[in-house]
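In this note's numbering, the protein residues as written are 74 to 361.
Worksheet: the structure to be examined is printed underneath.
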Amino acid sequence: MLKEYHYDHLIRWPKGERAAVFLTFDFQGGEDVKPDKNGILNYEMWSQGEYGPHHAIYRLLRILKEENIKATFLTCGAIAERFPEAVQAILDHGHVVEGHGYNHEIARYLPREQEDPIMKKTIAMIQKRTGRRCYGWRSCTQSTNTIELLIENGFTFNTNCFHEELPFLWEKDGKLLVELPRQPFGDGTLFGHRHGEYGNPYHGLETWKAYFEELYSESTPERPKYIPFTMHPYIIGRPGRTLALRGIVQHMRKVAGDSLWFPTGIELAEYCLNNVFKAEADKLRAAG
74 MLKEYHYDHL IRWPKGERAA VFLTFDFQGG EDVKPDKNGI LNYEMWSQGE
124 YGPHHAIYRL LRILKEENIK ATFLTCGAIA ERFPEAVQAI LDHGHVVEGH
174 GYNHEIARYL PREQEDPIMK KTIAMIQKRT GRRCYGWRSC TQSTNTIELL
224 IENGFTFNTN CFHEELPFLW EKDGKLLVEL PRQPFGDGTL FGHRHGEYGN
274 PYHGLETWKA YFEELYSEST PERPKYIPFT MHPYIIGRPG RTLALRGIVQ
324 HMRKVAGDSL WFPTGIELAE YCLNNVFKAE ADKLRAAG
């Protein structure tokens, strides 16, 4: 039976930081724009998604380099297949590529016998393009089978849930998966996904500042916080909108200085497994 275990009282970050800031980018193109029932594709919507791998990704990589930040790019297998040069650019900048479905499938609609091959196909394509299999995953939504399939397929972390504020463990038969939760303050909310006229980068930045400041004000080295940001290259990477990304990074550093940790997903998940939750994780493995 699949179970979840929470050890909020054990969480400490490596150098006593008051918060771990987890920057993620769901790297997709037009994969999630499906033809209408009449078989006709909405080209405008598809084309907006395609801006991500054609242009936005390179603007974001430049900004992240200038701000000296490492991030996690949860990448569709089809993007890795179609845009190997973009994936290589992510690696060349020192970031990490993880999985985000193949064609941005809506996982909650997939039966287990379809979701599992998609997961395996994505693993294979990302490994082909990067030389490393992906150990992190974010579905477009999540099915009732996703967590068990991630455990069976040897993943280290999932990052999909919204019901918790701190990392926790999933366990089945002694096998473990770290969950790195999300908050509903992503760029899709701030900028309305493909509704290009929607969302002011200054307003978005104010939302992110308020989100960060409240969590940070509640933190201490002994009870630190975890502050995730979910973004999409085709949304946040548009000219002008990047103001919100650069602005929140600079604001967080101005407020918190060296008391922030900016790990990639795999760094954070492995630190939780091998340090924060180690004793409890060993017990769960032994019992399983």
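Ideal placement from N, C-alpha and C gives every residue a C-beta, glycine not left out.
{"Item": "One or two residues paired with alanine 93 in a DSSP bridge", "Value": "Tyr299, Trp334"}
{"Item": "The region 220-237 / the region 253-263 touching (three or more Cβ pairs under 8 Å)", "Value": "yes"}
{"Item": "Three-way DSSP call (helix, strand, coil) for aspartate 246 in this model", "Value": "coil"}
{"Item": "Straight-line Cα distance separating arginine 132 from asparagine 273", "Value": "19 Å"}
{"Item": "Three-way DSSP call (helix, strand, coil) for glutamate 171 in this model", "Value": "strand"}
{"Item": "Whole-number beta carbon distance between lysine 298 and alanine 92, since they are thought to touch under 8 Å", "Value": "4 Å"}
{"Item": "Helix, strand or coil at methionine 74 [DSSP, three-state]", "Value": "coil"}
{"Item": "Sub-8 Å separation of leucine 239 and aspartate 81 beta-carbons", "Value": "yes"}
{"Item": "Sequence-distant residues of its chain with Cβ nearer than 6 Å to glutamate 154 (five each side left out)", "Value": "Met198"}
{"Item": "Cβ contact (3+ pairs, closer than 8 Å) linking the region 134-149 and the region 328-340", "Value": "yes"}
{"Item": "Residues sharing a beta bridge with aspartate 99, DSSP", "Value": "Leu147"}
{"Item": "Where cysteine 213 sits in the DSSP three-state scheme", "Value": "strand"}
{"Item": "For isoleucine 142, three-class secondary structure by DSSP", "Value": "coil"}
{"Item": "Which of helix, strand or coil DSSP assigns to glutamate 178", "Value": "coil"}
{"Item": "Helix, strand or coil at phenylalanine 230 according to DSSP, with G and I counted as helix", "Value": "strand"}
{"Item": "Strand pairing of methionine 304, partner residues [DSSP]", "Value": "Phe98"}
{"Item": "Check whether glutamate 77 and glycine 103 have beta carbons under 8 Å apart", "Value": "no"}
{"Item": "Span separating the alpha-carbon of proline 184 from that of histidine 168", "Value": "32 Å"}
{"Item": "Under the three-state DSSP convention, the category glutamate 238 falls into", "Value": "coil"}
{"Item": "Exposure of leucine 341, with buried meaning 16 or more beta-carbon neighbours within 10 Å", "Value": "buried"}
{"Item": "Any 3 or more C-beta pairs closer than 8 Å across the region 211-224 and the region 170-186", "Value": "yes"}
{"Item": "Host alpha helix (DSSP H) of proline 157 (start-end)", "Value": "157-165"}
{"Item": "C-alpha distance - tyrosine 116 paired with glycine 247, whole-angstrom precision", "Value": "47 Å"}
{"Item": "Where valine 251 sits in the DSSP three-state scheme", "Value": "strand"}
{"Item": "Limits of the unbroken alpha helix (DSSP H) element including alanine 360", "Value": "351-360"}
{"Item": "7 Å Cβ shell around glutamate 291 - same chain, five flanking residues per side excluded", "Value": "Lys298"}
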